[in-house]
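Residue numbers (the working numbering), protein chains in the order written: chain A, 1 to 148; chain B, 149 to 234.
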């Protein structure tokens with residue numbers, strides 16, 4: 001769907017701008033997932049998070065995820081996803097996913113699925129910077145359906 | 149028969165990039181080389197990459213591929229750890 005929005009940015013995510021761009025009248029429900037940087041991992045205080053992205057491929061995978069969402073939930077009105085990369089501070093948004101639909105059940109379900117799937121498939125990596133060290137977060141292998 | 153080498157552009161991300169000390173390089177390979185063979189050749193040049201032999205994922209021209217995928221001249225091969233976005 002060409003009116004869907006998929007972006008990767010170094011800038012702070014313009015969440016309400018994204019929501020406004022996606023409200024086109026046909027939706028009765030909008031569900032927004034906002035992934036924010038937490039201040040600790042397993043009790044270890046996090047100072048910043050460093051996100052790295054394979055930008056052109058990440059955009060391709062996000063668009064592919066959009067196609068997947070529309071296949072599972074044909075009632076989806078609009079999809080918006082913005083992922084940020086670079087150095088993020090505590091409580092910064094790293095990813096925002098917005099789904100709109102005529103009725104709320106589809107929006108809730110699709111948005112939940114979308115973030116779970118994004119974390120499996122999109123070529124982005126994060127590294128936690130602690131006060132006394134740093135560590136790459138262990139990731140997931142993409143779980144491709146059908147091909148290969 | 150004079151077989152031309154194929155030239156591959158390699159991109160490295162995340163912990164792979166950090167271990168290798170570079171995010172991009174070019175490599176000349178024998179024709180009909182697969183991704184696994186390319187990885188072996190790269191590990192000779194960048195020994196720290198060998199640590200990722202079992203865990204690394206691959207993409208060619210921005211599409212996920214398996215290690216047996218055959219490379220062609222001008223391909224972009226990306227090598228990276230399991231993803232951790234979101």
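We put the beta carbon where it would ideally sit given N, CA and C, even for glycine.
Query, Result
"Are the C-beta atoms of residue 148 of chain A and some chain B residue less than 8 angstroms apart?", "Low local confidence applies: a pLDDT of 33 at residue 148 of chain A is under 50, so the model's placement there is unreliable, and no value is given."
"Going by DSSP in three states, residue 153 of chain B sits in which element: helix, strand or coil?", "coil"
"Going by beta-carbon coordinates alone, are residue 222 of chain B and residue 155 of chain B separated by less than 8 angstroms?", "yes"
"Check residue 122 of chain A in the structure and name its three-state DSSP category.", "coil"
"If you drop the 5 nearest sequence neighbours on each side, which residues of the same chain put their C-beta closer than 7 angstroms to that of residue 158 of chain A?", "The shown model of chain A, from 1 to 148, leaves out residue 158 of chain A, and the question about it has no answer."
"With respect to the beta strand (DSSP E) encompassing residue 81 of chain A, which residues constitute its N-terminal and C-terminal limits?", "78 to 84"
"Check whether chain A comes within 8 angstroms of residue 163 of chain B, counting only Cβ atoms and requiring the distance to be less than that.", "yes"
"Can the beta-carbon of residue 232 of chain B be found less than 8 angstroms from the beta-carbon of residue 137 of chain A?", "yes"
"Can you pull the DSSP bridge partners for residue 95 of chain A?", "A:35 and A:83"
"Taking 8 angstroms as the threshold, find out whether the stretch 32 to 43 of chain A comes into contact with the stretch 181 to 189 of chain B through three or more Cβ pairs.", "no"
"Residues of chain B with CB under 9 angstroms from residue 122 of chain A, in chain order?", "231, 233 and 234"
"With distances taken between CB atoms, is the gap from residue 87 of chain A to residue 48 of chain A smaller than 8 angstroms?", "yes"
"When you compare only the Cα positions, how much space is there between residue 114 of chain A and residue 72 of chain A?", "11 angstroms"
"Let me check understanding here. Comparing Cα to Cα, which of A:133, A:122, A:51 and A:132 lies closest to residue 6 of chain A?", "A:122"
"Measuring CA to CA, which of B:163, B:158 and B:152 is closest to residue 196 of chain B?", "B:163"
"Got a sec? Which residues, its chain only, sit under 8 angstroms from residue 205 of chain B by beta carbon, not counting five neighbours each side?", "212, 227, 228, 229, 230 and 231"
"Given a threshold of 16 other Cβ atoms within 10 Å of its Cβ, counted over all protein chains shown, does residue 94 of chain A qualify as buried or as exposed?", "buried"
"CA-CA distance, residue 158 of chain B and residue 10 of chain A?", "23 angstroms"
"At a Cβ cut of 7 angstroms, what residues of the stretch 170 to 185 of chain B count as close to chain A, listed as they run along the chain?", "none"
"Would you please verify whether the beta carbon of residue 54 of chain A is less than 8 angstroms from any beta carbon of chain B?", "yes"
"Tell me, which residues are paired with residue 89 of chain A by DSSP?", "A:48"
"Work out the CA separation of residue 21 of chain A and residue 108 of chain A for me, nearest whole Å.", "19 angstroms"
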